[in-house]
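Peer 1:
Number of protein chains: 2
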Amino acid sequence: METTPNNRSKREWEKLQANAGNGLLDRRAFLRGGAAMAGAMMGYTFVGSAAAEPLADDAWSKAPGNIVPAYGAPSRFEKNVVRTLSNPNSEPRTSHARTPHHLLNGTITPNGLHFTISHAGNPDIDPDKHRLVIHGLVKRPLVFTLDALGRYPMVSRMTFVECGGNSAPFFSKEPIQASVQALHGLASCAEWTGIRLSTLLEETGVDPKAKWLIAEGADAPALSRSVPITKALDDAMIALYQNGERLMPGNGYPMRLLLPGWEGNMNVKFLRRIKLVEQPAMSYYEARTYAPILPGGKAYQFYFLQEVKSFITHPSPGMMLKEPGFYEISGVAYSGNGRISKVMVSADRGQSWAQAALQEPVHSKAFTRFRVPWRWDGGPGVLQSRAWDEAGNVQPTRAQIVAARGETTKVPPVTGFPSQHYNGITTWAIERNGEVKHVYA
Amino acid sequence: METTPNNRSKREWEKLQANAGNGLLDRRAFLRGGAAMAGAMMGYTFVGSAAAEPLADDAWSKAPGNIVPAYGAPSRFEKNVVRTLSNPNSEPRTSHARTPHHLLNGTITPNGLHFTISHAGNPDIDPDKHRLVIHGLVKRPLVFTLDALGRYPMVSRMTFVECGGNSAPFFSKEPIQASVQALHGLASCAEWTGIRLSTLLEETGVDPKAKWLIAEGADAPALSRSVPITKALDDAMIALYQNGERLMPGNGYPMRLLLPGWEGNMNVKFLRRIKLVEQPAMSYYEARTYAPILPGGKAYQFYFLQEVKSFITHPSPGMMLKEPGFYEISGVAYSGNGRISKVMVSADRGQSWAQAALQEPVHSKAFTRFRVPWRWDGGPGVLQSRAWDEAGNVQPTRAQIVAARGETTKVPPVTGFPSQHYNGITTWAIERNGEVKHVYA
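Line by line, the protein sequences are chains A and B. Throughout the first sequence, residue numbering follows our numbering, covering 377 to 817 in sequence. Throughout the second sequence, residue numbering follows our numbering, covering 377 to 817 in sequence.
#1: Expressed to the nearest angstrom, what Euclidean distance is found between the alpha-carbon atoms of A/Ala732 and B/Pro486?
#2: Would you say B/His478 faces chain A, with C-beta separation under 8 Å as the test?
#3: With DSSP as the reference, label B/Arg725 as helix, strand or coil.
#4: Mark B/Pro468 as exposed unless 16 or more other C-beta atoms lie within 10 angstroms of its C-beta, in which case mark it buried.
#5: Please confirm if B/Phe536 has its CB atom under 8 Å from at least one CB of chain A.
#6: Once DSSP output is grouped into helix, strand and coil, what is the label at A/Tyr661?
#7: Would a C-beta distance cut-off of 8 Å place A/Met530 and B/Arg404 closer than the cut-off?
#8: What number of angstroms, rounded off, separates the C-alpha of B/Leu664 from the C-alpha of B/Thr606?
#9: Does the distance from the CB of B/Cys539 to the CB of B/Asn627 come in under 8 Å?
#10: Could you work out which residues of chain A lie near B/Pro503, taking near to mean beta carbons separated by less than 7 Å?
#11: Take B/Ser466 as the anchor and find which of A/Pro440, A/Lys505, A/Ile650 and A/Trp588 has the nearest alpha-carbon.
#12: Please report the distance separating the alpha-carbon of A/Ala817 from that of A/Ile688.
#13: Starting from the Cα of A/Trp804, find the closest Cα among A/Gln771, A/Ala775, A/Asp765 and A/Val758 and give me that residue.
#14: Between which residues of its own chain and B/Thr380 is the CB-CB distance below 8 Å, once the five residues before and five after are set aside?
#15: Are the CB atoms of A/Ala612 and A/Leu599 nearer to each other than 8 Å?
#16: Give a yes or no on whether the C-beta atoms belonging to B/Gln682 and B/Ala667 are separated by under 8 Å.
#17: Grab the span of the alpha helix (DSSP H) containing A/Thr803 for me, first residue to last.
#18: What separation, rounded to the nearest whole angstrom, lies between the Cα atoms of A/Leu401 and A/Leu635?
#19: With distances taken Cα to Cα, identify the nearest neighbour of A/Leu522 among A/Pro756, A/Ser555, A/Tyr617 and A/His814.
#20: Just checking my contact of B/Ser686 with B/Ala763 at CB under 8 Å: how many whole Å lie between their CB atoms?
#21: Could you round the C-beta distance between A/Arg781 and A/Pro794 to whole angstroms and report it? I think they count as a contact, below 8 Å.
#22: Can you pull the chain A residues whose beta carbon is under 8 Å from the beta carbon of B/Gln735, in chain order?
#23: For B/Gly755, which option in B/Asn809, B/Ser451 and B/Leu508 has the closest C-alpha, if you only look at C-alpha atoms?
#24: Using a Cβ-Cβ distance under 8 Å, would B/Ala439 count as near chain A?
#25: Are any of the Cβ atoms in chain D nearer than 8 Å to that of A/Phe746?
#26: Have a look at A/Ser437, A/Gln796, A/Gly672 and A/Leu647 and flag the residue whose alpha-carbon is nearest the alpha-carbon of A/Lys505.
#27: Check the DSSP bridge columns for A/Ile552 and list the partner residues they point to.
#28: Can you give me the start and stop residues for the beta strand (DSSP E) that A/Arg715 sits inside?
#29: Output yes or no for whether 8 Å exceeds the beta carbon distance between B/Ala566 and B/Asn643.
#30: Which residues mark the beginning and the end of the beta strand (DSSP E) in which B/Leu647 is found?
#31: Quick one: what's B/Met534 bridged to in DSSP?
#32: Please classify A/Asp765 as buried or exposed, where buried requires at least 16 other C-beta atoms within 10 Å of its C-beta.
#33: Under the three-state reduction of DSSP, which class applies to A/Gly419: helix, strand or coil?
#34: From which residue to which residue does the alpha helix (DSSP H) around A/Ile761 run?
#35: By the 7 Å beta-carbon criterion, what residues does the stretch 678-702 of chain A contribute toward chain B?
#36: Report all residues from its chain with a CB closer than 6 Å to the CB of B/Arg751; omit the five preceding and five following residues, and keep chain order.
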């Protein structure tokens with residue numbers, strides 16, 4: 377029997393769509409080795425168009441191209457793929473640069489687009505003059521040049537960094553219409569290479585009385601944060617390289633403290649000092665921004681962990697679905713507790729859920745790309761993702777977070793509460809015209 | 377008993393150094409959880425200096441820093457961390473841009489520093505006008521816009537790309553004194569995201585007569601290569617993203633064919649056409665550059681695989697060891713056959729070998745960073761690395777390669793043989809003054 381799109385598709389279609397409501401398909405539908413599926417896709421009237429003619433030569437096929445640069449940069453046609461800046465004229469206040477998740481794919485954030493927050497611009501540090509001191513409750517205080525650090529044993533790991541204030545707009549009583557970049561752009565993921573802090577602490581020796589360390593940056597605000605010694609001896613790193621090359625200036629060049637899975641602000645950039653102490657310093661950020669008062673009157677303090685979270689990047693607000701048919705829903709999930717174990721996706725406001733495919737390998741405390749095939753029928757849809765981590769934590773609903781921490785009529789982030797550590801579910805509505813909107817479920 | 381550097385170190389030192397000759401230490405010496413090692417490092421008189429004074433404030437700690445850019449770039453102090461260009465003035469010939477391995481660390485090559493070879497500059501392609509056609513021995517020829525491709529199921533994978541002519545200088549009779557960038561800089565590694573070619577071929581359908589495909593680029597030379605259909609249906613990808621963002625112009629923007637583990641030239645950039653055919657095209661590159669004649673008179677053709685290989689990046693030529701003491705030897709290993717299973721390192725010209733630590737996770741057909749701790753005693757040393765892959769292949773010696781393929785008195789690459797697919801062992805000599813030189817073992 378001849379394989380036509382229609383007779384083949386009907387049978388295969390039934391196999392594929394059994395997953396969840398409103399067009400979500402089985403995540404294994406398009407796995408490699410799917411020879412049994414051959415032809416099945418045709419049934420979707422996928423998205424390729426019939427090729428009637430050979431391609432005509434465009435201008436760029438007829439003449440030599442541009443000069444090859446010593447340091448590559450994106451095409452001029454990608455000029456809108458940039459970070460959005462909260463302080464483009466560098467006024468004397470904090471500058472946020474947000475990652476354009478909706479324009480990226482994969483799990484790595486390229487260095488040019490890694491989010492940064494700078495409290496007084498990016499310091500122009502001469503790496504040959506920069507020093508790192510480890511002192512306080514140690515047996516032998518030491519000072520390290522960058523050259524000296526370069527001789528120590530190194531490790532590499534993929535990990536996300538997320539600002540504690542990422543996703544603050546979700547505390548607003550009304551859903552703010554903005555892109556996923558504006559809503560979730562203060563989280564990024566890179567391969568970081570450097571020296572375990574524990575290696576350097578073996579050099580200095582640790583006085584048993586030391587329970588905390590204070591990490592201080594060399595930027596003008598001398599940003600400092602207190603870190604429990606247990607984290608320092610666990611997976612803390614003095615990061616020297618970001619995706620293979622030296623750290624970007626906004627990410628702490630020439631070195632930063634990296635505390636995988638913990639509040640971004642604690643990953644002290646431009647690191648110049650680690651002092652081992654008995655008590656936390658109650659420094660500016662830990663006493664103020666990251667210690668908001670909760671509705672019940674308690675303070676939200678020393679809550680270092682960035683908890684299990686996910687959001688859909690494709691499709692997301694600002695995008696337009698041009699026509700009904702097949703789309704891939706994808707996004708990122710991550711947890712400061714370890715590996716992502718499962719992501720479920722709904723297209724019907726949480727009435728039914730389909731398990732998403734996770735891009736292997738799944739790294740601990742790193743972005744995990746999830747994907748689920750979807751056939752949009754042209755009607756309304758409400759897309760959500762929900763993540764679980766290997767420690768058994770599940771991403772809460774927005775209602776659960778708001779019940780515990782309150783909400784605000786102002787547009788966050790506002791000083792005080794609530795603006796920190798939002799990790800609840802994100803909801804995008806697909807309208808009949810294909811527009812994607814931010815809604816609360 | 378008090379733990380002093382000296383009484384502690386003697387015992388620990390003996391434990392650590394049992395590995396191989398001339399100072400190579402056990403790769404597990406500095407693993408996390410090495411509490412038993414606490415204090416041991418001090419015995420090495422590691423490389424930190426005593427911290428006598430608190431740090432003085434440098435200029436950058438006293439004033440606001442630089443403006444935060446929309447697209448981040450490396451510090452001005454990293455201006456030498458660039459690709460070396462074989463054709464900086466864009467004359468009408470091929471341009472090579474080589475990755476500075478000696479200045480990088482980790483496993484990912486950042487996008488600005490990924491090697492590229494362009495035969496007529498980088499075409500300035502408008503992605504909205506670019507099309508990909510799949511035709512020939514298919515059931516339904518199709519043309520795809522970038523928007524249409526964006527709707528298909530995607531996958532991400534870490535993989536290296538290596539020019540078949542990488543490391544050509546090793547065919548020279550005399551070792552060429554040059555950096556690892558000059559010698560091995562035509563290989564890089566990134567996370568690529570795109571659509572499996574098999575997914576698109578399910579859309580078009582494949583005529584059983586199709587045994588090859590011809591992939592053609594939209595650059596002015598219309599570079600084309602023949603690829604067996606088995607590879608197309610295995611792990612071939614139409615890559616759209618490189619380390620999260622759209623491909624760099626020199627890496628094929630807006631799309632390239634990605635054939636993990638196969639000769640770089642076949643990973644056709646600016647991909648615009650895939651034609652399924654019965655026989656290979658015998659196109660320019662496969663009939664000329666990549667078909668050199670071997671000493672015995674046979675031709676070296678359709679040898680697509682980039683075989684198991686490794687080289688030490690730290691230390692490497694151009695670097696200077698300032699003083700005896702501890703150093704980390706590290707480098708990259710990779711194989712087009714799959715995962716790296718083992719890397720051995722020698723510091724005594726191959727008389728004894730120590731197993732290197734491999735940075736986890738080890739990806740198939742990707743750069744794997746290997747590391748081994750080393751205590752340089754200030755005498756001469758000869759460093760080598762040798763890699764094995766999971767398919768059981770071992771990196772050959774240079775003598776084995778030269779015996780099979782010949783050598784040349786000219787400085788390669790020269791047209792003809794031998795210049796392709798060198799994957800033999802690389803040897804660096806450490807001189808008494810700490811200089812690192814390229815030698816043949």
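The beta-carbon is built from N, C-alpha and C at its ideal position, and this holds for glycine as well.
Peer 2: This is what the structure gives:
#1: Each residue's CA atom was taken as its position, placing A/Ala732 and B/Pro486 some 29 Å apart.
#2: No, B/His478 lies away from the interface with chain A (no Cβ there is under 8 Å from its Cβ).
#3: Here DSSP, grouped into helix, strand and coil, assigns B/Arg725 to coil.
#4: So B/Pro468 ends up on the exposed side.
#5: Interface annotation, B/Phe536: not in contact with chain A, CB-CB separation never under 8 Å.
#6: Here A/Tyr661 sits in helix by DSSP.
#7: Cβ distance not < 8 Å, so A/Met530 and B/Arg404 don't count as in contact.
#8: It should be noted that the sequence gives Arg, not Leu, for residue 664 of chain B. When rounded, the separation of the alpha-carbon atoms in B/Arg664 and B/Thr606 is 24 Å.
#9: No.
#10: What B/Pro503 touches in chain A: Phe453.
#11: For the set A/Pro440, A/Lys505, A/Ile650 and A/Trp588, the Cα lying nearest the Cα of B/Ser466 is the one of A/Pro440.
#12: For A/Ala817 and A/Ile688, the gap between their C-alpha atoms comes out near 15 Å.
#13: Considering only A/Gln771, A/Ala775, A/Asp765 and A/Val758, the residue with the shortest C-alpha distance to A/Trp804 is A/Val758.
#14: Reliability fails at B/Thr380, whose pLDDT of 28 lies under 50, so the model's placement of it is uncertain and the value that follows must be treated cautiously. So no residue of the chain qualifies.
#15: No, the Cβ-Cβ distance between A/Ala612 and A/Leu599 is not below 8 Å.
#16: Contact flag unset, no.
#17: Careful: A/Thr803 lies outside any alpha helix (DSSP H), inside the beta strand (DSSP E) at Thr803 to Ile806.
#18: A/Leu401 and A/Leu635: Cα-Cα distance of roughly 38 Å.
#19: Cα-wise, what sits closest to A/Leu522 is A/Tyr617.
#20: Between B/Ala763 and B/Ser686 the Cβ distance is about 4 Å, and since that is below 8 Å, they are a contact.
#21: At roughly 4 Å, the Cβ-Cβ gap stays under 8 Å, so A/Arg781 and A/Pro794 are in contact.
#22: Those are Val531 and Ser532, listed as they occur along chain A.
#23: It is B/Asn809 whose Cα lies nearest to the Cα of B/Gly755.
#24: For B/Ala439, the answer is yes, since a Cβ of chain A falls inside 8 Å of its Cβ.
#25: Chain labels in this structure do not include chain D; the protein chains are A and B.
#26: Nearest C-alpha to A/Lys505: A/Leu647.
#27: A/Ile552 pairs with nothing; no bridge assigned.
#28: Run containing A/Arg715: none; DSSP gives neither H nor E here.
#29: Taking 8 Å as the cut-off, the beta carbon of B/Ala566 is found no closer than this to the beta carbon of B/Asn643.
#30: It spans Leu647 to Val653 - the beta strand (DSSP E) in which B/Leu647 sits, taken as one unbroken run.
#31: DSSP lists B/Glu567 as partners of B/Met534.
#32: Buried, since its Cβ has 16 or more Cβ neighbours within 10 Å.
#33: Confidence is the limiting factor: at A/Gly419 the pLDDT is only 37, short of 50, which leaves the residue's position unreliable and the question unanswerable from this model.
#34: The displayed chain sequence assigns Ser, not Ile, to residue 761 of chain A. Element bounds for A/Ser761: not the alpha helix (DSSP H) but the beta strand (DSSP E), Gly757 to Asp765.
#35: From the stretch 678-702 of chain A, only Phe702 have a Cβ closer than 7 Å to chain B.
#36: Correct list, in chain order: Gly399 and Phe702.
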